[in-house]
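Only one structure is covered here, and it is reproduced in the block below.
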Amino acid sequence: MKTYMPNKFIVEREADRCIQCQVCVNQCSFDAHYYDADDDEVRSLKENCVGCHRCVLFCPTKALNIRQTPLEYRENYNWRSEVIEDIIKQAETGGMLLTGMGNDKGQRVYWDHLVLNASQVTNPSIDPLREPMELTTYLGRKPDCVEVDPTCVLGTELAPQIKLDIPVMFSAMSYGAVSLNVQESLARAATEMGTMWNTGEGGLHPSLYKYGNNTIVQIASGRFGVHSEYMHAGRVVEIKIGQGAKPGIGGHLPGEKVSAEVSTTRMIPQGSDALSPAPQHDIYSIEDLSQLIYALKEATNYTKPISVKIAAVHNAAAIGSGMVRAGADIIVLDGLRGATGAAPKVIRDNVGIPIEMALGALDTRLRQEGIRNLASIVVAGGIRSSGDVAKAVALGADAVYIGTAALVALGCTVCQQCHTGKCAWGICTSDLALTKRINPEIGARRLVNLLRGWSLEIKDLLGGMGVNALESLRGNRLHLRAIGLSDTELDILGVRMVGD
Amino acid sequence: MIENKENSVAKIDAEGVLYKELNAQLREIASSDTEKVELHNVCGQRYIGSDLSKPLDIEIFGTPGNDLGAFMNGSRIFVHGNAQDCCGNTMNEGEIVIHGHGGDIMGLSARGGKIFVRDDVGYRAGIHMKEYQEKKPVLVIGGAAQDFVGEYMAGGVLVMLGLNHEEGQSYKAKYIGTGMHAGVIYLRGSVEDYQLGREVGVAELDENDHQVLERLVGEFSAHFDYQAGAILEQKFIKLFPRFLRPYGRLYAY
Chain V
27 MKTYMPNKFI VEREADRCIQ CQVCVNQCSF DAHYYDADDD EVRSLKENCV
77 GCHRCVLFCP TKALNIRQTP LEYRENYNWR SEVIEDIIKQ AETGGMLLTG
127 MGNDKGQRVY WDHLVLNASQ VTNPSIDPLR EPMELTTYLG RKPDCVEVDP
177 TCVLGTELAP QIKLDIPVMF SAMSYGAVSL NVQESLARAA TEMGTMWNTG
227 EGGLHPSLYK YGNNTIVQIA SGRFGVHSEY MHAGRVVEIK IGQGAKPGIG
277 GHLPGEKVSA EVSTTRMIPQ GSDALSPAPQ HDIYSIEDLS QLIYALKEAT
327 NYTKPISVKI AAVHNAAAIG SGMVRAGADI IVLDGLRGAT GAAPKVIRDN
377 VGIPIEMALG ALDTRLRQEG IRNLASIVVA GGIRSSGDVA KAVALGADAV
427 YIGTAALVAL GCTVCQQCHT GKCAWGICTS DLALTKRINP EIGARRLVNL
477 LRGWSLEIKD LLGGMGVNAL ESLRGNRLHL RAIGLSDTEL DILGVRMVGD
Chain P
945 MIENKENSVA KIDAEGVLYK ELNAQLREIA SSDTEKVELH NVCGQRYIGS
995 DLSKPLDIEI FGTPGNDLGA FMNGSRIFVH GNAQDCCGNT MNEGEIVIHG
1045 HGGDIMGLSA RGGKIFVRDD VGYRAGIHMK EYQEKKPVLV IGGAAQDFVG
1095 EYMAGGVLVM LGLNHEEGQS YKAKYIGTGM HAGVIYLRGS VEDYQLGREV
1145 GVAELDENDH QVLERLVGEF SAHFDYQAGA ILEQKFIKLF PRFLRPYGRL
1195 YAY
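If you read the protein sequences in the order shown, they are chains V and P. The numbering used here puts the first sequence at residues 27 to 526. The numbering used here puts the second sequence at residues 945 to 1197.
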């Protein structure tokens, strides 16, 4: 039986501009362009185009243009083309739909319903260009009180703390999901900007050990590449329970992506499937989580904060409270819009809750229970700009993780083809011909630029609010007001309506 | 408390000592010349043998707690008593010998090293054991394991001997080797088809299997005073992963 699958994109080639140079043929990893030797002409196969725009960027004569195909079915709000095509794909294959990046559906983005305050008349705003502004953030467990003796010596023993110059860290992206050049770009940028990058669960490549001081090493259910040297290499050890893009499920890195190099960091044979089980099999309860947290504290001799990352789900606040009591020094919540290298589409688009609500609820809960100081809160999943960062901090976050935003800085156009392993930008692939497209030096510079820009913007926002330290904004929800939200939403966020 | 250090053997009376303190003492010992330590009156202290700067021989009298030898990298632990859950969690190298029973998820995610258990173990023993280059974890269970033994196995060798079965009794575990995609299980005696995971096949042992088995049963017998020959007299079966990609056909593209 034949089924109809309309093209997603139209590839336009301006004949009078195209010089048959084949740059587009070489750049496209999805075979949307080809050279016809018989006719000595470069042609396109629009059915293969994923809309990543790599060819448009590289075409030396600007002969190419990619446009979205207009909807070809009869218009129907319920039975949109995506819905119809998903059913066709499944009818043909009998499989689960796989996708990449974060949820692209229209669930409410609460950041867009929140606005920040500024000082007018009754208190002065501060000019960050001429006055010192403080973004320094310390992650880790804080004591209930500190004792200082008369000679100003701290008498209280502090738990290990991580100093961040900017409260924006790079999310966990494992080697195997992204290329080594991407990881090196992240590691270099984190080192230069005084923040952290995260190995993900694929181990740490030997060439990146030198960035250990700015590295968070992750331990997930597959325990890939986890050994003594690895745990000692990073500043923070992070237990990954869940991920915003795929709460509650494990991961399958197919054998063909386990190259010789990936095999050395994951410490599994080349070409073997890396299957991460859905749960960590030593964690079936808060008590078990506590056991692993302290196993890692013992294994690192109490020198490193232990972070625990969960996907933001319905009872995230209560679970978070349990995590703090289990001994986590840092709690990471990854929201509904968190991205991934590959996840079943049904999970990515339907499971989990928006990070803003999870954050509001968790911060409130920990304050009510008087344990907010015992752990730092880091949020991830859809942080797009410095405005989002500032709002997250005002809602109670100590720092944020960015994943997609960092990849966009490296060239990603969010075409959602990560799961194919063919990323034309050389980001989410292990194809050596493609991974060369990221130069770690240039990549690091672009990431540094992004963080520098955000840091200037956050300082501007702070100055406008009349505060000179991020600490003064942290959890200070009076600096936020909401637009167009219901009473229940306002209540959970702990934010008042605009004008109120 | 370290009682004496004659002949480079340290002794610690662990009675009433919390695990944090006990492990701190072990770390201190590991940083000295001492190569062997005896822990007496151990009662539930966790994480023994984790993160030592150099491999030690640790003799434990009593019942060590969960995560015995977690992330261990070369030490040898001898338990005169029973071990609890998560023993050998993500072990990289070393040896754990248990003169008694073991708890659940014995050898979880181990990448290397050897674990010998004289008697029975709990659920999900050997789950997600791996192997890498010359590293190949070994788990030998003298008695029987509970359900999901060898689950998700991605490498290594798991041997189950059923030595404490009474006449006519056999293994009760179900879902044996479910999700297994590498490694091998040798089982003394036999099991019914319904006890096996879907991903597991049954085969006769070949010459190479016999060599591996003889070596491991030999080591097991030496630890626990068994006659290896007598153990090996009974027929073994070999369980192997039928698919290297058990979950290859899940996705639409």
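Virtual Cβ for every residue (Gly too), placed ideally from N, Cα, C.
Within 8 Å, strictly: CB atoms of residue i and residue j
i	j	result
P/ALA1098	P/GLY1127	yes
P/GLY1094	P/ILE1129	yes
V/ILE275	V/ALA338	no
V/VAL20	V/LEU90	Residue coverage of chain V in this structure runs from 27 to 526, which leaves residue 20 of chain V outside it and unanswerable.
V/ILE518	V/MET383	yes
P/MET1104	P/ARG1132	yes
P/GLY1070	P/GLY1047	no
P/LEU1157	P/PHE1180	yes
V/ALA425	V/MET195	yes
P/ILE1004	P/ASN967	no
V/ALA185	V/ARG167	yes
V/ILE188	V/PRO331	yes
P/MET1124	P/PRO1081	no
V/ALA198	P/ASP995	no
P/ASN1017	P/ARG990	no
V/GLN442	V/ASP57	no
V/GLY260	V/GLU227	no
V/LEU301	V/ILE309	no
V/CYS444	V/MET122	no
Cβ of residue i within 8 Å of any chain P Cβ
i	result
V/ASP130	no
V/VAL174	no
V/LEU279	no
V/ASN33	no
V/THR366	no
V/ARG374	no
V/ARG393	no
V/TYR252	The amino acid at residue 252 of chain V is misidentified as Tyr; the sequence shows Val. So, interface residue.
V/GLN116	yes
Residue-level contact to chain V via CB, residue i, 8 Å cutoff
i	result
P/ASN1033	yes
P/ASP1153	no
P/ASP957	no
P/LYS1271	Residue numbering for chain P in the displayed model covers 945 to 1197; residue 1271 of chain P lies beyond these limits and cannot be assessed.
P/ARG1193	yes
P/ALA1069	no
P/TYR1115	no
P/TYR1119	no
P/ASP1011	yes
P/ARG1159	no
P/TYR1138	no
P/ALA1174	no
P/ARG1142	no
Three-state secondary structure assigned by DSSP to residue i
i	result
V/CYS81	helix
P/CYS987	strand
P/PHE1022	strand
V/ARG374	helix
P/ASP1001	strand
P/MET1104	strand
P/LYS1079	strand
V/ASN91	strand
P/GLU1136	coil
V/HIS445	helix
V/PRO303	coil
P/VAL1156	helix
P/ALA1172	helix
V/VAL339	coil
V/LYS189	strand
V/GLY251	coil
Cβ-Cβ separation, residue j to residue i (assumed contact under 8 Å), whole Å
i	j	result
P/GLY1121	P/LEU1083	No, P/GLY1121 and P/LEU1083 are not in contact; Cβ-Cβ is about 13 Å, not under 8 Å.
V/ALA423	V/VAL404	7 Å
V/ALA343	V/ARG398	Rounded, the Cβ-Cβ distance is 12 Å, inconsistent with contact.
V/ARG93	V/ILE36	5 Å
Next on the checklist: To be precise: take each residue of the segment 1049 to 1065 of chain P, compare its Cβ to all Cβ atoms of chain V, and keep it if any distance is under 7 Å. Which residues remain?
Outcome noted: ILE1049, LEU1052, SER1053 and ARG1055
Exercise for the section: Name, going along the chain, the residues of the segment 1015 to 1026 of chain P whose beta-carbon falls closer than 7 Å to a beta-carbon of chain V. Expected result: PHE1015 and ASN1017
*asked:* Output needed in chain order: residues of the segment 316 to 328 of chain V with a Cβ under 9 Å from some Cβ in chain P.
replied: GLN317, LEU318, TYR320, ALA321, LEU322, LYS323, GLU324, ALA325, THR326, ASN327 and TYR328
Contacting positions in the segment 970 to 999 of chain P - beta carbon closer than 8 Å to chain B: In summary, chain B is missing from the structure at hand, where the protein chains are V and P.
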